[in-house]
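Heads up: the structure comes next, in structure tokens.
Residue numbers (the numbering used here): 207 to 306.
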């Protein structure tokens, strides 16, 4: 993606502000689904490309809907869900490791 756009240019293309673009670049703010779609359109690439080569290709419609719903939650609720997910994943990996 060699567009050589300034933060102002990208902000205009994505209906965002230069300050928010800077926060996204630094990783201070997470990108919403809406912003990802706007970035994909601005750069003329697929969402899969932006997310890392086909990452969404493995998600079914139900999973994508849940991710969209998750995006709309307050940050505190997201963190509770992420914490629970981490616990489930850790337990699954531990069970898998011990079953070998």
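Cβ atoms here follow ideal geometry from the backbone N, Cα and C, with glycine treated the same way.
Please report the distance separating the alpha-carbon of residue 235 from that of residue 226. 8 Å
Quick check: the Cα distance between residue 249 and residue 267, rounded to an integer number of angstroms?
25 Å
Should residue 220 go down as buried or exposed, given a rule of 16 or more other Cβ atoms within 10 Å for buried?
buried
Taking a contact to mean a Cβ-Cβ separation below 8 Å, would you say residue 238 touches residue 277 in this structure? yes
Endpoints, the alpha helix (DSSP H) within which residue 257 is located:
253-257
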